[in-house]
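Step one of this worksheet: look at the structure below.
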Amino acid sequence: MALTWRFKFAAFALAALACIAGAFVAGERLASTAAQEASDRQLQIISLDLESILERYEALPFALTFQPEAAQALQQPDAQMVRHLNQVLSAIQQQAKVAAIYLMDPSGKTLATSNWDTPQSYIGKNFGFRPYFLDAMQGKAGRFYGIGSTTAEPGYFISQPVYPTALPLSTAKPIGVITIKISLGDFARTWNSLIEPVTLSDRWGVIFLSNRPAWQYHSIDALSLPAQKEIVDTLQYTGHHIDPVRSLPTAVHAEFGPPIVHSVGRLGWQLMTFPNQALIARSGLLWALTASMLLAISTISFWAVHQRKRRLEERGLARLALQNAAEDLDRKLALRTEELTSANQSLNTKYAKLKEAEHLLRATQDELIQAGKLTMLGQMAVGMTHELNQPLTAIRAFSDNAMTFLSRGQADRALENLTHISAASERMGAIIGQMKGFARKSDSSVVPVDLAHSISSSAHLLESEFHKNGCSLAIDIQASLQVMGDAMRIEQVLINLLRNALDAAAASEKKSVRLTLSREADDALIRICDSGSGIPAEVAARLFEPFFTTKPHGKGLGLGLVISSSIVQAMNGRLKAQNRPGEGAEFSLHLPLTLRKPE
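0 is the number of the first residue of the sequence shown in this note's numbering; add one for each residue after it.
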């Protein structure tokens with residue numbers, strides 16, 4: 000008996016310790032999850048503000064390249080013309096509230112600048128070594144963040160090439176570069192009110208903005224040799240030796256732990272915040288303490304009840320046994336009778352519900368497909384917003400230029416700007432037309448569908464997302480094929496597969512997606528291949544299960560492939576997935592061809 004009680008006590012003690020430890024772990028996890036969710040919401044707000052600031056000035060240097068004085072100063076430099084251009088750039092800089100605007104010749108030498116009348120004037124300074132200058136001289140928009148080599152003040156640089164006015168842009172080569180510099184200091188100062196550390200790092204992991212000043216111009220991890228060389232060659236962080244944050248004293252980097260990360264900007268920047276690990280551990284301790292108190296109270300209560308129960312059992316064990324046996328027999332008879340009655344009713348009820356469920360399933364299938372389309376439409380909204388914002392900005396700039404040219408009597412230049420406005424408006428109309436067509440609810444009619452047209456429409460809707468993620472999309476139409484089906488639903492399947500391929504390829508280094516349309520016997524075969532890491536074996540077995548998804552929380556419901564497979568099967572087709580050795584995943588869509596009558 001003594002050994003039995005000792006064994007029970009030891010088992011209870013181990014169970015209590017396990018319960019307390021489990022409470023600590025659960026409390027820590029809940030606190031960590033809550034902290035991560037709060038940090039993630041905070042980062043979303045900060046990243047939206049930062050993206051808004053960066054995109055606000057994205058079209059300004061492009062619009063400035065159409066200032067006739069800029070091209071004239073580069074082609075026929077004149078002291079009076081340069082002086083007038085300095086004043087124009089200064090007025091635009093003050094109105095636009097940017098740090099500086101300056102014009103450079105093909106060698107990188109500054110000809111005109113908005114700060115021409117300050118001690119830190121850029122006049123005569125050569126910035127030919129900066130990446131934004133080199134990119135613009137190649138005909139591309141240049142972007143760069145670094146410390147100014149003249150002012151020693153950090154800023155974000157956006158540049159655009161300047162072309163000669165006498166030649167069409169399609170054949171002309173850049174004759175100079177115009178650049179604006181934006182200061183992010185005021186934006187970063189708003190972080191000082193935040194309790195947790197917030198940092199913004201470049202693509203190499205170097206922190207250049209933070210509400211922890213000691214972390215600034217330190218790296219997340221040790222820099223690679225290529226990163227160190229590029230930073231030195233471009234003088235990106237002049238006067239600073241970049242060391243990891245963990246090389247700082249312990250008291251300084253004590254808050255540096257596992258971060259919550261958001262990608263922002265077009266240069267691979269990482270916006271991070273670091274949840275307070277001490278608060279998370281404290282929450283775990285509070286849960287463990289609460290569990291200990293509950294266990295103590297439960298133990299005392301159980302002991303009291305157990306003692307009282309033993310006394311009652313000793314006085315009436317025989318009487319209770321007889322009474323329990325009689326009650327048990329009555330209960331079993333009543334239960335059995337109730338089960339038989341309930342079983343008969345259940346069969347009738349289940350049959351009626353089955354018929355109702357079949358009708359409901361048929362009635363809601365189209366709604367589920369439409370919901371899937373609207374979900375994808377919402378996911379594409381951010382990309383389409385950016386795609387429409389660029390033409391709107393260009394229309395505003397061209398219309399201002401047209402009014403200026405008309406006031407000067409330069410009707411031909413005004414006509415050129417109006418032509419640009421018409422082209423931008425036409426592009427916006429095409430984008431909106433594609434979105435309206437995709438959002439329209441399908442009428443489920445079965446008609447001949449041109450697969451090449453469906454592929455083109457689907458690719459056009461996702462064009463901005465592929466461009467935003469830096470992913471290429473190659474389309475190979477090997478034959479003009481038709482199938483019997485619903486064009487809207489076929490496009491929904493193609494868009495879902497292309498979005499999945501884009502998500503997979505975006506995480507790889509190559510970032511490419513290839514779509515081919517060919518004929519295989521009496522089927523049209525569409526292959527969509529990505530350059531991602533492929534489909535893991537444990538995922539492949541559940542790929543077409545409802546609500547199964549490998550995407551982060553809030554990024555997908557796990558219904559896309561289920562809906563797509565249902566649509567394809569309804570058209571007597573097949574949807575398969577497989578891995579290509581060393582090349583990523585491949586989704587194959589087989590649809591029966593329309594049998595055309597001979598002419």
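Where a beta carbon is used, it is the ideal one built from N, C-alpha and C, also for glycine.
Could you check if residue i is buried or exposed, using at least 16 other CB atoms within 10 Å of its CB as the buried criterion?
i: Phe255; result: buried
i: Met402; result: exposed
i: Met292; result: exposed
i: Thr340; result: exposed
i: Lys596; result: The predicted model places Lys596 with a pLDDT of 43, which falls under 50 and marks its position as unreliable, so this point remains unresolved.
i: Val97; result: buried
i: Ala117; result: Just to set this straight, residue 117 is Thr in the shown sequence, not Ala. Burial call: exposed.
i: Ser463; result: buried
i: Arg318; result: exposed
i: Gly238; result: exposed
i: Ala274; result: The amino acid at residue 274 is misidentified as Ala; the sequence shows Pro. The residue is buried, with at least 16 neighbouring Cβ atoms inside 10 Å.
i: Ala14; result: exposed
i: Gln433; result: In this predicted model, Gln433 has a pLDDT of only 48, less than 50, meaning its place in the structure is not dependable enough to derive any value.
i: Gln235; result: buried
i: Val445; result: exposed
i: Pro225; result: exposed
How long is the line joining the alpha carbons of residue i and residue j, rounded to whole angstroms?
i: Ser479; j: Thr593; result: 12 Å
i: Gly559; j: Ile259; result: 27 Å
i: Met483; j: Pro447; result: 5 Å
i: Leu514; j: Arg202; result: 30 Å
i: His217; j: Asp242; result: 5 Å
i: Arg518; j: Leu524; result: 6 Å
i: Leu53; j: Ser457; result: 29 Å
i: Pro163; j: Arg211; result: 47 Å
i: Arg5; j: Ala324; result: 34 Å
i: Ala22; j: Asp522; result: 58 Å
i: Phe61; j: Trp268; result: 23 Å
i: Leu414; j: Asn400; result: 10 Å
i: Gln409; j: Gln71; result: 16 Å
i: Ile146; j: Val231; result: 12 Å
i: Arg412; j: Ile494; result: 41 Å
i: Gln92; j: Lys510; result: 38 Å
i: Gly553; j: Gln43; result: Unreliable positioning characterises Gly553 in this predicted model, as indicated by a pLDDT of 49, which lies under 50. The coordinate reading is nonetheless provided below. Each residue's Cα considered, the two are about 13 Å apart.
i: Asp104; j: Val538; result: 56 Å
i: Leu102; j: Asp185; result: 25 Å
i: Leu516; j: Arg526; result: 7 Å
i: Met379; j: Glu508; result: Caution is warranted here: a pLDDT of 49 is assigned to Met379, below 50, making its placement in the model unreliable, and the coordinate value is therefore given only provisionally. Cα-Cα distance, rounded: 23 Å.
i: Ala320; j: Gln344; result: 36 Å
i: Ala9; j: Asp329; result: 41 Å
i: Ala540; j: Asp449; result: 33 Å
i: Leu472; j: Gly533; result: 17 Å
i: Gly686; j: Ala506; result: In this structure the chain extends from 0 to 598, so residue 686 is not present and cannot be described.
i: Thr3; j: Gly315; result: 26 Å
i: Ala287; j: Ala20; result: 7 Å
Please list, in chain order, all residues of the same chain as residue i whose beta carbon is under 8 Å from its beta carbon, the five residues on each side excluded.
i: Ser209; result: Ala187, Trp190, Pro196, Val197, Thr198, Leu199, Gln215
i: Val381; result: For Val381, the predicted model reports a pLDDT of 49, less than 50, meaning its position is unreliable and no value from the coordinates is stated.
i: Gln599; result: No information on residue 599 is available, as it lies outside the stretch 0 to 598 that the chain covers here.
i: Ser106; result: Asn125, Gly127
i: Leu496; result: Ile527, Ser563, Phe586, Leu588
i: His83; result: Glu68
Name the DSSP bridge partner or partners of residue i?
i: Ile394; result: Answer is none; Ile394 lacks a bridge partner.
i: His261; result: Leu270
i: His217; result: Ile206
i: Asn578; result: Ala584
i: Phe143; result: Phe156
In chain order, what residues of the same chain lie with their CB nearer than 6 Å to the CB of residue i, ignoring the 5 residues before and after it?
i: Ala12; result: none
i: Leu49; result: Val263
i: Leu285; result: none
i: Met271; result: Thr198, Pro258, Val260
i: Leu652; result: Residue 652 falls outside the range modelled here, since the chain spans only 0 to 598, and no answer is possible.
i: Asn85; result: Ala111, Trp115
i: Leu294; result: Ala15
Return the chain-ordered list of same chain residues with a C-beta closer than 7 Å to the C-beta of residue i, the five sequence neighbours on each side being excluded.
i: Asp529; result: Ala500, Ala503, Ala504, Val512, Gly583, Ala584
i: Phe543; result: Leu560, Val561, Ser564
i: Ala135; result: Gly141, Ser158, Gln159, Pro160, Pro173, Val176
i: Gln577; result: Glu585
i: Pro67; result: Thr164
Could you check if residue i belongs to the surroundings of the ligand NAP, using beta carbon to heavy atom distance under 7 Å?
i: Arg518; result: As for the ligand NAP, it is missing from this structure, which has no ligand bound.
Can you round the beta-carbon distance between residue i and residue j to whole angstroms, since I take them to be within the 8 Å contact cut?
i: Ala213; j: Leu266; result: The Cβ separation is near 24 Å, so there is no contact.
i: Ile122; j: Thr109; result: 6 Å
i: Thr178; j: Phe207; result: With 8 Å as the limit, Thr178 and Phe207 do not qualify as a contact, their Cβ atoms being about 19 Å apart.
i: Ser113; j: Leu88; result: 4 Å
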